[in-house]
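Q: Quick note, the sequence shown lines up with residues 607 to 844 if you use this note's numbering.
Think of the CB as a built atom: it goes at the ideal place given N, C-alpha and C, for glycine as much as any other residue.
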Amino acid sequence: MVTPMTYARKSFALSLAFHALMGSLAFWVLSRTTPPAETTKIPLKIMSFQPVEQRIAVPLPPMVSSPKAQRSAERVPALPPVRPSTSPSTLKPSAQSPAPAVAPTPVSAPSTPAALPKPSDVVQSAPAVPTAQAPQAKPDNTVEKRAFLSSLRSAIQSNLRYPSSARRRGMEGEVGVRFSLNGNGTLGAITILSGEAVFHNAVKAAVASASGIDIPKNLVSSMPMEIDLILEFRLKNG
Numbered sequence: 607m608v609t610p611m612t613y614a615r616k617s618f619a620l621s622l623a624f625h626a627l628m629g630s631l632a633f634w635v636l637s638r639t640t641p642p643a644e645t646t647k648i649p650l651k652i653m654s655f656q657p658v659e660q661r662i663a664v665p666l667p668p669m670v671s672s673p674k675a676q677r678s679a680e681r682v683p684a685l686p687p688v689r690p691s692t693s694p695s696t697l698k699p700s701a702q703s704p705a706p707a708v709a710p711t712p713v714s715a716p717s718t719p720a721a722l723p724k725p726s727d728v729v730q731s732a733p734a735v736p737t738a739q740a741p742q743a744k745p746d747n748t749v750e751k752r753a754f755l756s757s758l759r760s761a762i763q764s765n766l767r768y769p770s771s772a773r774r775r776g777m778e779g780e781v782g783v784r785f786s787l788n789g790n791g792t793l794g795a796i797t798i799l800s801g802e803a804v805f806h807n808a809v810k811a812a813v814a815s816a817s818g819i820d821i822p823k824n825l826v827s828s829m830p831m832e833i834d835l836i837l838e839f840r841l842k843n844g
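What follows is the structure, encoded as structure tokens:
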């Protein structure tokens with residue numbers, strides 16, 4: 607009969623055996639998984655040595671003088687020392703007559719310059735320069751000019767002939783014209799500046815009829831004159 611005490615002992619024995627088995631298994635596993643100890647690597651430096659060149663001094667051959675040079679050296683005799691002459695010869699200076707003194711050439715006094723001719727006492731009179739006459743101021747003829755142009759326009763306007771084609775169509779208008787007036791009353795070129803073409807011929811004919819007009823004497827100096835006029839075409843009522 608199994609008593610509780612016996613059961614407890616068996617349980618303790620089994621637990622102890624189990625823990626011992628687990629400890630052995632853990633030690634075995636750890637021994638297998640532990641990495642080997644790292645070996646310390648010591649770097650080695652290999653030094654290269656280059657052989658040193660040995661310089662060997664080569665002895666030069668002794669200088670051998672050629673026999674020809676020795677002979678030439680032997681043949682050259684020593685020059686005798688120069689001795690002063692024993693005969694006392696005194697050199698006497700040659701008696702030479704002294705050179706005659708050259709007399710200085712007398713310097714002649716500068717000759718008196720010839721008297722210059724006196725300038726003529728006659729003074730030529732300069733030609734008289736004609737004095738320029740001041741331009742005479744033109745008289746103010748503005749009033750006469752306006753009056754003349756007004757009368758000229760009235761004369762041309764009264765000579766206008768209304769074109770029949772423009773009258774039938776009831777056309778009215780203004781025409782600008784330009785012409786030049788000479789001092790003798792004749793007219794120059796006539797140019798139409800503006801206006802309907804239907805009125806151009808009538809305007810030129812009216813301007814040409816004014817040729818030979820009398821020009822006031824105080825306006826002749828202002829000619830030729832370029833004149834611009836505006837002529838009107840108006841239909842009368844009734």
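Can you give the Cα-Cα distance for R759 and P830, rounded to whole angstroms?
A: Going by the C-alpha atoms only, they are around 17 Å apart.
Q: Taking L766 and I833 to be in contact with their CB atoms under 8 Å, please state how far apart those CB atoms are, rounded to whole angstroms.
A: Contact flag wrong, Cβ pair sits at about 16 Å.
Q: Going by DSSP, what residues sit across from L837 in a beta bridge?
A: Answer is V781, bridged to L837.
Q: Below 8 Å, how does it come out for the region 766 to 776 and the region 789 to 800: are there three or more Cβ pairs, yes or no?
A: In short, these stretches do not touch, since the Cβ pair count stays below three.
Q: Got a sec? Which residues, its chain only, sit under 6 Å from G818 by beta carbon, not counting five neighbours each side?
A: So the list reads G791, once near-sequence residues are dropped.
Q: How about L837 and I762: do their beta carbons lie closer than 8 Å?
A: Yes.
Q: Determine the direct distance from the alpha carbon of M628 to that of L622, and round the result to whole angstroms.
A: Those two C-alpha atoms are separated by around 10 Å.
Q: DSSP three-state label for E750, please.
A: Correct three-state label for E750: helix.
Q: Taking G801 and V826 to be in contact with their CB atoms under 8 Å, please state how far apart those CB atoms are, rounded to whole angstroms.
A: Not quite, the Cβ-Cβ distance comes to about 31 Å (not below 8 Å), so this is no contact.
Q: Would you kindly report the start and end of the unbroken alpha helix (DSSP H) that includes A811?
A: A811 -> alpha helix (DSSP H) spans H806 to A814.
Q: Do F839 and F805 have their CB atoms nearer than 8 Å?
A: A contact, by the Cβ cut-off of 8 Å.
Q: Give the straight-line distance between the Cα atoms of S764 and V783, rounded to the nearest whole angstrom.
A: Computed Cα separation, rounded: 15 Å.
Q: Under a three-way DSSP split, which group does L793 fall into?
A: Three-state DSSP puts L793 in a strand.
Q: If we call anything under 8 Å between Cβ atoms a contact, is N816 one with P769?
A: Here residue 816 is Ala; the residue named in the question, Asn, does not match the sequence. No, they are not a contact pair.
Q: In whole angstroms, what is the alpha-carbon distance linking S828 and R752?
A: The alpha-carbon atoms of S828 and R752 are separated by roughly 13 Å.
Q: CA-CA distance, K616 and T609?
A: Taking the straight line from one Cα to the other gives about 11 Å.
Q: For L636, count the other beta carbons within 10 Å of its own beta carbon; 16 or more makes it buried, fewer makes it exposed. Which is it?
A: Burial call: exposed.
Q: Secondary structure at L787, three-state DSSP: helix, strand or coil?
A: Three-state DSSP puts L787 in a strand.
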